[in-house]
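J.: Residue numbers (my numbering), protein chains in the order written: chain A, 1 to 437; chain B, 1001 to 1304; chain C, 2001 to 2275. No residue lacks a Cβ here, since even glycine has one placed at the ideal position from N, Cα and C. Fair warning: this is a prediction, and the values are worked out from it, not measured in the lab.
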Amino acid sequence: MAAAMPERKLDVAGALKDAALAAFVAFGLFSLVLGLRTEQSGLTSALQLYPRPGLLFGAVATVFAGRFLIALLFRSNLLADPARFIPPQASKGIAFIGRYAGIGLLVFALIIPVIFFDNRYLLDLSILVVTYIMLGWGLNIVVGLAGLLDLGYVAFYAVGAYSYALLAQNFGFSFWICLPLAGILAAFWGVLLGFPVLRLRGDYLAIVTLAFGEIIRIVLINWQSFTGGPNGISGIPRPSFFGVPFNDGPDGFAATFGLSFTPSHRVVFLFYLILALALITNYFTIRLRRLPIGRAWEALREDEIACRSLGINTTHTKLTAFALGAMFAGFAGSFFATRQGFISPESFVFHESAMILAIVVLGGMGSQLGIAVAALVMVGGFELFREFAQYRMIVFGLAMIGIMIWRPRGLVSHREPSVHLQEKKPIPAAVVEGARQ
Amino acid sequence: MEYFLQQLINGVTLGSIYGLIAIGYTMVYGIIGMINFAHGDVFMVGAFIALIMFLALFAVGLTAVPLALLLVLLVAMMFTALYGWTVERFAYRPLRGSFRLAPLISAIGMSILLQNYIQIVQGARVKPLPPVVTGGYRLWENDSFVVQISNIQIIIVMITVALMLAFSWLVGQTRLGRDMRACEQDLKMASLVGVDTGRTISLTFVIGAALASVAGVMFLLYYGVIDFFIGFIAGVKAFTAAVLGGIGSLPGAMLGGLLIGLIETFWSAYFSSEYKDVAAFSVLILVLIFMPTGILGRPEVEKV
Amino acid sequence: MKAPVLDVQHLTMRFGGLTAVSDLSFSARRGEITAIIGPNGAGKTTVFNCVTGFYQPTEGMIRLTHPDGKEFLLERMFDFRIAHKGRVARTFQNIRLFAGMTVLENLLTAQHNTLMRASGYTFFGIVGLPVYARAERAAIDKARSWLDRVGLLARADDPAGDLPYGAQRRLEIVRAMCTDPVLLCLDEPAAGLNPREADDLNRLLISIGRETGTSILLIEHHMHVVMEISNHIVVLDYGQKISEGTPQEIRNDPKVIAAYLGVEEEAMQAAGGAG
């Protein structure tokens, strides 16, 4: 708002005016909804109102102070150019650190089970974070590379999870047979949905994928005989170490390898399993980017009409991105099912899709490392600070808006060229589809 | 036959609510070509404001229904309009000229933000409101079945018709309406010939939010219970209505709203109520694939 | 008389009530440069969009003949198929490069279909078979030679969006050439170029015609460019053909002069002066 007049110098009066206006608006916004709490004293009694003047005042004061600071910065021309928010040297520095941070993170991930062998909570959390990293990397193929906004990604995760659960329960297939089958089934669903809808414009595609995700969830809830309905499926077989079960019996993992039995073995195995799956996703993405198909995805994101003029079948190209993204979600889904031992439609709501999308967006569409860091911070960070867990989605929402405004290509926004002649130069975000019309 | 008639009445009522929300989608789309994904949540906020206002009025002892209803409608429209204005100013305006997915991603962020904001400040539990408008008429009666129309259904349809008429007048006859139509034709050109496009876009969001809040009030009165999640499903359905009617077209939004209301009601009545959302979502997918310009929309020519 | 590479018969394109092109017939001969000229709004770009499949013509036939005699009816083909199977490449009035990709990547994307086949539709590529590595090297060599030709070799690793305007125009042309087209359609390639750049463009287009045998269909406003390099000119006005012939014939055609009078009088005079 105030960015329209960036020439002035330290304009306190103007900033105060902006802040007063913002506080006035904030008072209007918050007065009823935040200032009054509706509460039911009993189950049957009517709702009652309880005023919260302190909270209301606090919220308005926060808006006033925040707006004042921002307005001061903008009006005083300190932040007029958003690029100066992070200077180019710093960006270069980040890219430099990035190269080694990736390796560092990987090494750290590899030794997590060694360090935290006895910390079940941290191991579980690590598994969760890596699962989201994998989902983020999978969705990145669709959103970050091909530029297709998929709001129903979790549907393919669900297809993978239910495929594994049903195949394992009804046919007794082992995890290692089910895993590829679940991926193939998810990819199949991706093609099935993608074929008719991938011709649509970007925003329509987003809504259609969202509708598809909801349809899958509603069918999972209501098709009782097949999916177990809202109660889900329990007793899903746990994974074995290539046929050796993780139990304390004589054929168990511990006995076979001469170790004393502990349930941590399975958790550690699960951690390495999801890490391996995630790294495979990453490896594939990196390889694909250097192949013609990956280049076509990025070209598609940049300019679809130009792609068509060069003889690229855009429908097929989008479809492969969609199907591959779905396939990795399917792998992750079957991992989820075997880890939990229990799945229900509850786990596959729109919020999950939104969260995975937020991770991709925050991490920088197209940046593998950025997505890993975003998942680590947004999933792991909030789990560690449990008391703030209810604010997680609010922060996600705000962060998505903020990122679009200040760094549309995410925190790690340099694009690495897929091929080079003399010298590999990272491409600044400003020219990539992301900062321009 | 009686059953059919009853469902028709219910469907038209529901369709009126969807139609009012759909106008917000279609107007914003018409002018800046973006799907205001957070619009459904603005509707939800409107319903919450209405709920709180009703409770406040009851608490101060104001129980005259027509007066209470009028007051609630006015306050809800005002405050929700402020939300509409803020959403545009905060999340969309800074993105004008950014890349094509940016406004949509920002809108999704805004939708998440609004939903969780209400969930935190008002709690996740469903919020019931005792019936405010009661009574109704029996239209038709035989030994097995009664066709009736309740007063709240009459009010919903009447308010909707009145608002639609007022709104058509606004778009067709006023200076603001002319500016809006000009912006819809060509935003850049409109600003060149002196239309204050920023203000027009703001007002579009304000009007859309006000209409959505009326839908919120009616939703609250009709169902008697709301929660922070109603905006998501109702939003997608209203968007479906806008697309079905032809996005960018105002009569289309109303028509689409009615059709979606009827489809949903009849689907629940004759097939299965568990899958009523699937019906609406399937309509969305089918319309976008086979009839992307909708019933009353104009075809788009791709600019090469 | 050379055989026609492109034969357009009775082409009509309507948008709602507006007839953008009406009953247009012309042909472009193999190895020649054919220009379509006409005042603004005469329907030139619409013709291009019909030929390259971005619009489905309302009526008419567009026949493309390859050197080996294979024929394609373009009005029945999708845009990407026309580019892929029909080997018709095009550029755009408002340049459409992949701005966030490097110059080299742009040229490799243009060789997508060749490289796709070499990568075994990704399967060989993902396991790293040498077949693909060889094909990619060949593609890079081809890109390198084209870049060298238009003086962009030094900028191969820069993002295309960072190039100056004239260089972007040249890059778009060589990107189209990387698809090995039979017919190259250029939509105002000289727009926005300075006189020196326009001269370079002339030389480039003539050499393309000579060395690769690619026929060129050209829309251009710069009469200097049109008159100097075209073998054949088609003049459109209000969607209809008003004249056709060699540059010399066009220059002296009173109907053409009338159509241009008041519109681009200076341009015609400049053209006369140049010839």
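Could you check if Ser41 (chain A) is buried or exposed, using at least 16 other CB atoms within 10 Å of its CB as the buried criterion?
T.: Looking at its Cβ environment, which holds fewer than 16 other Cβ atoms inside 10 Å, Ser41 (chain A) is exposed.
J.: Drop a sphere of 10 angstroms on the beta-carbon of Ala65 (chain A), count the other beta-carbons inside from all chains shown, and report buried for 16 or more, exposed for fewer.
T.: It is exposed - the Cβ of Ala65 (chain A) has fewer than 16 other Cβ atoms within 10 Å.
J.: Could you tell me whether the Cβ atoms of Phe1083 (chain B) and Ala1209 (chain B) are closer together than 7 Å?
T.: For the sequence presented, residue 1083 (chain B) should be read as Tyr rather than Phe. Closer than 7 Å, so yes.
J.: What did DSSP end up calling Gln2240 (chain C) once you bin it into helix, strand or coil?
T.: Gln2240 (chain C) falls in the strand class under three-state DSSP.
J.: What does a CB cutoff of less than 7 Å around Glu2197 (chain C) pick up in its chain, not counting 5 residues either side in sequence?
T.: Cβ neighbours of Glu2197 (chain C) beyond the five flanking positions: Gly2166.
J.: Could you give the DSSP three-state label for Trp1140 (chain B): helix, strand or coil?
T.: Reduced to three states, the DSSP call for Trp1140 (chain B) is strand.
J.: Can you name the residues of chain A whose CB is closer than 8 Å to the CB of Thr2179 (chain C)?
T.: What Thr2179 (chain C) touches in chain A: Leu310 and Gly311.
J.: Relative to the C-alpha of His447 (chain A), which residue among A:Glu346, A:Leu300 and A:Phe57 is closest?
T.: The requested residue 447 (chain A) does not occur in the structure, where chain A is confined to residues 1 to 437.
J.: What does Ala296 (chain A) reach in chain C if we use C-beta pairs closer than 9 Å?
T.: In chain order: Thr2109, His2112 and Met2116.
J.: Using the rule of at least 16 other Cβ atoms within 10 Å of the residue's Cβ for burial, across every protein chain shown, is Ala2258 (chain C) buried or exposed?
T.: Flag for Ala2258 (chain C) reads exposed.
J.: Taking Cβ positions only, does His420 (chain A) come closer than 7 Å to chain C?
T.: His420 (chain A) counts as touching chain C.
J.: Just mark Asp251 (chain A) as buried or exposed, buried being the case when its beta carbon has 16 or more other beta carbons within 10 Å.
T.: So Asp251 (chain A) counts as exposed.
J.: Can you pull the chain A neighbours of Phe2080 (chain C), defined as C-beta to C-beta under 9 Å?
T.: Within chain A, the residues near Phe2080 (chain C) are Cys307, Arg308, Ser309, Leu310, Gly311, Ile312, Asn313, Thr314 and Thr315.
J.: Suppose only complete runs of 3+ residues qualify. What are the beta strand (DSSP E) ranges in the stretch 2202-2242 of chain C, listed by chain order?
T.: Segments of the beta strand (DSSP E) lying fully in the stretch 2202-2242 of chain C: 2215-2219 and 2232-2237.
J.: Arg386 (chain A) touches chain C at which residues, Cβ-Cβ below 9 Å?
T.: Those do not exist, as Arg386 (chain A) stays about 40 Å from chain C at its closest Cβ, beyond 9 Å.
J.: Contact criterion: CB-CB distance below 7 Å. Does Phe2098 (chain C) meet it with respect to chain A?
T.: Cβ-Cβ to chain A under 7 Å: yes for Phe2098 (chain C).
J.: Determine the extent of the beta strand (DSSP E) in which Pro2181 (chain C) is found, giving its start and end residues.
T.: Premise fails: Pro2181 (chain C) is in no beta strand (DSSP E) and is neither H nor E.
J.: Counting only the same chain and skipping the five closest in sequence on each side, list residues whose C-beta sits under 6 Å from that of Gly434 (chain A).
T.: In this prediction, Gly434 (chain A) scores a pLDDT of 44, lower than 50, which makes its location untrustworthy; no coordinate-derived value is stated.
J.: Quick one: what's Met2013 (chain C) bridged to in DSSP?
T.: Paired residue(s): C:Val2021.
J.: Taking 7 Å as the threshold (beta carbon to beta carbon), is Arg1199 (chain B) in contact with chain A?
T.: Closer than 7 Å: no.
J.: Would Ile1226 (chain B) count as contacting chain A if we go by Cβ distances under 7 Å?
T.: No - not a single Cβ of chain A is within 7 Å of the one on Ile1226 (chain B).
J.: Which bits of chain A does Lys1127 (chain B) rub up against, with CB to CB less than 9 Å?
T.: What Lys1127 (chain B) touches in chain A: Thr38, Gln40 and Leu47.
J.: Would the beta-carbon of Ala375 (chain A) fall within 7 Å of that of Val129 (chain A)?
T.: Contact flag set, yes.
J.: Taking 7 Å as the CB-CB cut-off, is Glu1088 (chain B) touching chain A?
T.: Chain A contact via Cβ: absent.
J.: Can you tell me whether Gln48 (chain A) is buried or exposed? The criterion is at least 16 other CB atoms within 10 Å of its CB, across all chains shown.
T.: Per the 10 Å Cβ criterion, exposed.
J.: In its own chain, which residues sit with a C-beta less than 7 Å from the C-beta of Leu167 (chain A), not counting the 5 before and 5 after it?
T.: Taken in chain order, the residues that qualify are Phe173, Cys178 and Leu181.
J.: When you compare each of A:Phe116, A:Leu122, A:Phe342 and A:Phe348 to Phe212 (chain A) by their alpha carbons, which one comes out closest?
T.: Taking only the C-alpha atoms, the option nearest Phe212 (chain A) is A:Phe348.
J.: Against chain B, which members of the stretch 12-29 of chain A pass a CB distance test of less than 7 Å?
T.: The stretch 12-29 of chain A vs chain B, Cβ under 7 Å: Val25, Gly28 and Leu29.
J.: Run through chain A and tell me which residues come within less than 8 Å of Pro962 (chain B), C-beta to C-beta.
T.: Nothing can be reported for residue 962 (chain B), as the shown portion of chain B is limited to 1001 through 1304.
J.: Can you find a C-beta in chain A that's less than 7 Å from the C-beta of Thr2122 (chain C)?
T.: Cβ-Cβ to chain A under 7 Å: yes for Thr2122 (chain C).
J.: So, does the CB of Val432 (chain A) fall closer than 7 Å to a CB anywhere in chain C?
T.: By this cut-off, Val432 (chain A) is an interface position.
J.: Between Glu1184 (chain B) and chain A, is any beta-carbon pair separated by less than 7 Å?
T.: By this cut-off, Glu1184 (chain B) is not an interface position.
J.: Any beta carbon from chain A within less than 7 Å of Ile2233 (chain C)'s own beta carbon?
T.: Chain A contact via Cβ: absent.
J.: Answer yes or no: does any C-beta atom of chain C fall closer than 7 Å to that of Lys318 (chain A)?
T.: Chain C contact via Cβ: absent.
J.: On the DSSP letters alone, give me the boundaries of the beta strand (DSSP E) that Tyr121 (chain A) sits inside.
T.: Element bounds for Tyr121 (chain A): not the beta strand (DSSP E) but the alpha helix (DSSP H), Arg120 to Asn140.
J.: For a contact meaning CB atoms closer than 7 Å, what does Glu214 (chain A) contact in chain B?
T.: Residues of chain B passing the Cβ test: Asp1277 and Phe1281.
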